[in-house]
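Residue numbering for the sequence shown follows the numbering used here, starting at 122 and increasing by one per position. The C-beta atom is built at its ideal place from N, Cα and C for all residues, glycine as well.
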Amino acid sequence: MRVRPDVIVVGAGFGGLLVACEVARRGGRPLVLEAGPAVGGVAATVHDEGYLLEPAAGSFLLPHPHLTPILESARTRVVPAEATAHRRYVYDRGGLFEIAGPAAVATRLVSGRGKLRLLREPWVRTRPTSADESLRGFLERRLGPEVGRMGATLMAHGVFAGDPDKLSARAAFPAMVALDDDAGSLIRGGLARRRARPKDAPRAGLHIAPNGMAELAAELAASLGDDLRLEWPVDSVRRDGDEWVVGGRGEERSPAVVVALAPAEAARVVPGPLAPLLNEARTAPVAVVGLGGHAADLPVPSGFGALTGPDGGLHILGLLFESSYAAGRAPARHRLVKGIYGGDADPSVLALADEDLVALAIEEAGRILDVPLQPSWTRVVRHAPGIPQYHVGHSAWLDRLDAVAADLPGLHLAGWGYRGIGVASLAQHAATLADKVLTTP
Ligand SMILES: Cc1cc2nc3c(=O)[nH]c(=O)nc-3n(C[C@H](O)[C@H](O)[C@H](O)COP(=O)(O)OP(=O)(O)OC[C@H]3O[C@@H](n4cnc5c(N)ncnc54)[C@H](O)[C@@H]3O)c2cc1C
């Protein structure tokens, strides 16, 4: 007879898998129930004609205090990105500007006056306009209007495909706001954090899954053995005495359950009082457009990619130089780039049909790279409901969720809808949840 699991995890995207693997790593027994025929959720790698297109997560920083132990214990294969990944660009006002490394100091992306204001940041005393400032409000207050507007746009586009006036600085970029909380300045806070880092601590570097994120998810799932069921859509989660009963293709029972679904999907299965709150969550659809071709027809520079600045005048939010920073994403002598469209930043562009979106991407990527492109391979992947948007008010929403969940002991929510949208944040939250689950009496 099967031993009762310590926790049932609903959903086998990276949110659910990382919780289950962390529980297993600590000696607990998870049971994962996934509706689909495969694990990995939105990170469903496309393999076609020798191209490898990541439609969602495609890279992450390692080592990471929470992600590294999980990946190592599940014996997954991850490799460093190419060294050129540190080269980053911004397209704005018709030009491409390199912004990382020494080039950043001399960049003409911002004016001399903007740079001087940036350098004064450690001495600038300003008060937050509210406890939950917008990303743009926060960065303009700290860095000045020019650099603040630029930085807020790039961060919003690059991470959330979001609107810098709507995103909450504190909810969307908590580590950045913590620097200011701790030191009264982003620059002083950053320097203090660097000084506090042990001298021999390895610097985090960009990593990729060499055969794609879907395979990385499959490796995590394999480490769970029989403790994962596919094609097991959950339709209810209810309390029965001191147990949670998860219903779908039968019934499973456990003292704890982690619902690792997008909030709107979680709302369909969780008990009554949580559902209306979960339905308040905001997401924004996005489209990922892959363009592949022979190197001569698609000359991609070395580097990670380019983000579009506030005066870029393009629909594309960012263009990633996939085959430059990640080996194996295009066949030999071929190249792959990936453009991101839509989000809260530019929702109306998603009304375009796929072929028009591809035509737009070819034209706009060509403008960014300053060369006409002739891809021979294209692919559009649309995400709806899309990327969670941590707007001003998101932290208060989480507090309200916690207050309701306090009356539902043993029930937890996980995934990118809540406390960080990247895989590393999911791993960090997985550690917190494993603590809670394994101490549930
Ligand atoms: C364009 C884009 C680029 C990104 N780039 C990066 C990046 O470079 N680095 C990074 O770290 N992150 C990145 N991300 C974010 C990353 O992809 C997400 O954080 C992560 O994939 C979300 O995982 P999840 O498990 O929370 O959600 P999902 O992937 O949505 O997983 C939910 C799972 O639950 C299942 N499910 C749904 N309903 C039920 C049900 N009733 N019963 C059982 N199962 C159910 C679904 O089938 C799915 O498998 C990117 C995202 C996008 C869209």
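Starting from residue i, trace the alpha helix (DSSP H) both ways and give me its first and last residue.
i: Asp556; result: Val544 to Leu559
i: Pro295; result: Pro295 to Ala304
i: Asp253; result: Unbroken run through Asp253: none, as it is neither H nor E.
i: His515; result: His515 to Ala526
i: Asp477; result: Asp475 to Leu490
i: Glu267; result: Pro266 to Met276
i: Gly310; result: Leu307 to Ala317
i: Ala387; result: Pro384 to Ala387
i: Ala466; result: Counting along the chain, Ala466 falls outside any alpha helix (DSSP H), and DSSP gives it neither H nor E.
i: Leu395; result: Leu395 to Leu399
i: Leu327; result: Where Leu327 is concerned, there is no enclosing alpha helix (DSSP H), although the beta strand (DSSP E) it sits in stretches over Gly326 to Ile329.
i: Leu337; result: Met334 to Ser344
Assuming residue i and residue j are in contact, meaning their beta carbons sit under 8 Å apart, how far apart are those beta carbons, in whole angstroms?
i: Leu534; j: Ala387; result: 6 Å
i: Glu372; j: Val378; result: About 12 Å separates the two Cβ atoms, so there is no contact after all.
i: Pro468; j: Ala402; result: Actually they are not in contact, since the Cβ atoms of Pro468 and Ala402 sit about 17 Å apart, beyond 8 Å.
i: Val160; j: Ala338; result: 5 Å
i: Arg196; j: Ser344; result: 7 Å
i: Gly235; j: Gly265; result: 6 Å
i: Ala202; j: Ser232; result: With a Cβ gap of about 32 Å, Ala202 and Ser232 do not count as contacting.
i: Gly333; j: His168; result: 7 Å
i: Gly424; j: Arg209; result: 6 Å
i: Ala615; j: His515; result: Nothing can be reported for residue 615, as the shown portion of the chain is limited to 122 through 562.
i: Gly149; j: Val558; result: 7 Å
i: Leu183; j: Ala325; result: 6 Å
Given a cut-off of 7 Å, decide if residue j and residue i are closer than it, judged by their beta-carbon atoms.
i: Arg309; j: Pro243; result: yes
i: Ala448; j: Leu440; result: no
i: Gly411; j: Leu174; result: yes
i: Val501; j: Asp475; result: yes
i: Ala548; j: His328; result: no
i: Leu260; j: Ala252; result: no
i: Ala335; j: Thr228; result: no
i: Asp213; j: Gly464; result: no
i: Val268; j: Leu239; result: yes
i: Val407; j: Ala282; result: yes
i: Ser375; j: Gly368; result: no
i: Pro151; j: Val130; result: yes
i: Ala486; j: Arg456; result: no
i: Ala304; j: Val298; result: no
i: Gly136; j: Val153; result: no
i: His185; j: Ala545; result: yes
i: Leu382; j: Gly157; result: no
i: Leu237; j: Phe218; result: no
i: Leu435; j: Ala466; result: no
i: Ile191; j: Glu143; result: yes
i: Leu300; j: Glu155; result: no
i: Ala206; j: Tyr446; result: yes
i: Val390; j: Val421; result: no
i: Leu494; j: Leu419; result: yes
i: Val200; j: Pro331; result: yes
i: Leu256; j: Ala277; result: yes
i: Pro126; j: Val409; result: no
i: Arg147; j: Ala555; result: yes
i: Leu399; j: Pro384; result: yes
i: Gly507; j: Ala405; result: yes
What is the residue span of the beta strand (DSSP E) that residue i lies within?
i: Phe218; result: Gly216 to Glu219
i: Ala427; result: Gly426 to Thr429
i: Leu494; result: No beta strand (DSSP E) contains Leu494, which DSSP labels as neither H nor E.
i: His533; result: Leu532 to Leu534
From the DSSP output, read off the bridge partner residues of residue i.
i: Lys459; result: Gly411 and Leu441
i: Ile508; result: Ala405
i: Leu154; result: Val131 and Arg350
i: Ser375; result: Trp365
i: Ser289; result: Ser255
i: Arg238; result: Answer is none; Arg238 lacks a bridge partner.
i: Ser357; result: Gly368
i: Arg503; result: Ala408
i: Val380; result: Val131 and Leu534
Runs of 3 residues minimum, wholly inside the segment 163 to 235: which ones carry the beta strand (DSSP E) assignment? For the segment 163 to 235, whole beta strand (DSSP E) runs of length 3 or above, ordered along the chain, are 167 to 169, 172 to 174, 181 to 183, 209 to 213 and 216 to 219.
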